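Numbering (the numbering used here), first residue to last: 15 to 502.
In structure tokens form, the structure reads like this:
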């Protein structure tokens with residue numbers, strides 16, 4: 015009888031595995047980044063009203079006060095404006111003009127007043143002002159925005175306050191405003207210092223002298239934590255051009271420098287690759303694209319050599335841009351003790367228990383264990399009752415799944431103790447059935463509070479699908495169905 019039950023269970027598990035294998039082949043394609051946002055915005059229809067958002071936050075903040083290990087809380091402000099659109103950009107943006115800027119500010123001021131009572135008893139752990147191009151706003155507009163924000167929302171003493179900047183719009187007047195409101199990290203999106211590459215990227219307006227002056231001004235005004243971002247994979251780039259940009263950027267002695275890999279849009283692929291090349295097949299394998307542009311066997315070694323020349327530290331010499339590695343960070347030796355890898359780049363997808371309250375058109379918000387949503391009110395609607403947001407409700411299961419995928423990408427296994435702590439959960443009991451199933455399939459091994467995936471015939475992405483509880487599995491299957499019908 016026992017043997018019959020065992021046999022029956024194994025047949026059921028193999029059927030389940032077969033269905034998960036089909037989903038992986040059709041939708042995930044072994045790319046663990048898929049688990050980051052598969053369910054967040056697959057519906058373009060408005061999901062939440064302004065009142066819905068307020069109620070979600072009120073419930074979450076009440077729960078947070080009772081928690082022994084509450085999630086961290088970031089205030090994110092998004093400026094949607096740019097001078098012109100870079101051809102590689104995959105984000106929404108609007109062209110700046112004074113009329114739109116006025117409506118943008120009025121819209122944010124209205125949101126501040128609307129949520130004032132909701133957040134009155136709470137402090138934010140950090141502030142991030144991103145875009146778009148945040149410092150494209152005029153000095154008076156920036157001053158008015160910060161004056162309103164920091165009169166409404168409370169920020170913890172000593173919190174990181176970071177702002178993204180374009181060097182061409184940087185000025186001492188604006189930097190003094192940032193200083194006035196306590197900003198302590200400035201990140202300049204430079205992307206490249208090669209004129210031809212910048213021209214192809216529709217950034218011909220930026221010159222090396224702009225970057226040099228911006229960093230000098232920051233230093234003169236007492237900003238210590240100043241970062242430069244470069245982009246790997248821009249059209250027209252190659253080993254020599256990139257390494258020259260990298261060398262020139264480090265010679266300016268920023269506090270840190272991050273090299274991000276390009277996340278190409280379909281339009282970029284169509285323009286950059288031959289018409290016969292299928293763009294989709296490169297998306298999860300960026301090194302196939304980068305291999306057309308760079309000698310990947312030597313460029314990272316040369317980057318390491320240049321970094322050493324200027325006294326910069328980096329994680330290790332096995333640098334690469336596999337699909338799971340979004341960027342490579344370099345930091346000056348002088349800043350090594352103060353450097354916090356978790357703070358080097360904000361994302362509303364942040365490992366561990368983290369919530370983010372976003373303001374401004376295209377801002378994205380994350381209410382841990384409850385919702386993701388995005389402000390898509392294109393006309394800067396000033397009527398609070400008419401504002402709607404796209405996004406989806408989420409569960410603790412969803413949060414843990416993302417955390418698991420991130421840990422597997424970075425460490426090759428799941429740190430159960432860390433998830434228990436960051437998500438305030440008993441992992442073993444919470445996923446009792448999934449663990450039992452994968453043990454029966456000889457797919458996992460528990461060792462020192464870590465879960466390793468050892469099944470040679472079962473792919474990691476397929477194993478992760480076993481951890482979807484019924485409600486999240488229904489959402490996942492809905493996305494899968496939409497994809498098969500060409501709607502996703």
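Cβ atoms here follow ideal geometry from the backbone N, Cα and C, with glycine treated the same way. From a predicted model like this one, the values you see are computed outputs, not experimental measurements.
With distance defined between alpha-carbon atoms, name the residue in 262, 254, 244, 258 nearest to residue 273.
244
Inspect the beta-carbon positions of residue 480 and residue 454 and report whether they are closer than 7 Å.
no
Identity of the residues DSSP links to residue 7 by a beta bridge:
Nothing can be reported for residue 7: it is not among the residues displayed for the chain, which extend from 15 to 502.
Just the Cα atoms here: how many angstroms apart are residue 399 and residue 68?
12 Å
Contiguous beta strand (DSSP E) assignments of at least 3 residues, all confined to the region 224-275
239-246, 270-275
Residue 369: first and last residue of the uninterrupted beta strand (DSSP E) it sits in:
368-373
Between the C-alpha atoms of residue 128 and residue 88, what's the straight-line distance to the nearest angstrom?
18 Å
Return yes when the Cβ of residue 53 is within less than 7 Å of the Cβ of residue 493, no when it is not.
yes
Is the distance from the Cβ of residue 382 to the Cβ of residue 85 below 7 Å?
yes
How would you call residue 460, buried or exposed, if buried means at least 16 neighbouring beta carbons within 10 angstroms?
exposed
Is it buried or exposed, residue 172, if we count other Cβ atoms within 10 angstroms and call 16 or more buried?
exposed
Decide yes or no for the touch test of the region 217-234 against the region 174-189: beta carbon pairs closer than 8 Å, at least 3 of them.
yes
Just to confirm, is the Cβ distance from residue 178 to residue 144 under 7 Å?
yes
Excluding five sequence neighbours on each side, which residues of the same chain lie with their C-beta closer than 6 Å to the C-beta of residue 148?
93, 177, 178
Assuming residue 139 is part of the beta strand (DSSP E), what are its boundary residues?
137-145
Helix, strand or coil: which one does DSSP assign to residue 47?
coil
Where does the unbroken alpha helix (DSSP H) through residue 190 begin, and where does it stop?
186-194
Residue 388 to residue 64, Cα distance in whole Å?
12 Å
Does the region 207-217 come close enough to the region 152-172 that 3 or more CB-CB pairs lie under 8 Å?
no
I'd like the list of long-range same chain contacts for residue 409, defined as Cβ closer than 7 Å, with 5 residues on each side in sequence excluded.
383, 485, 486
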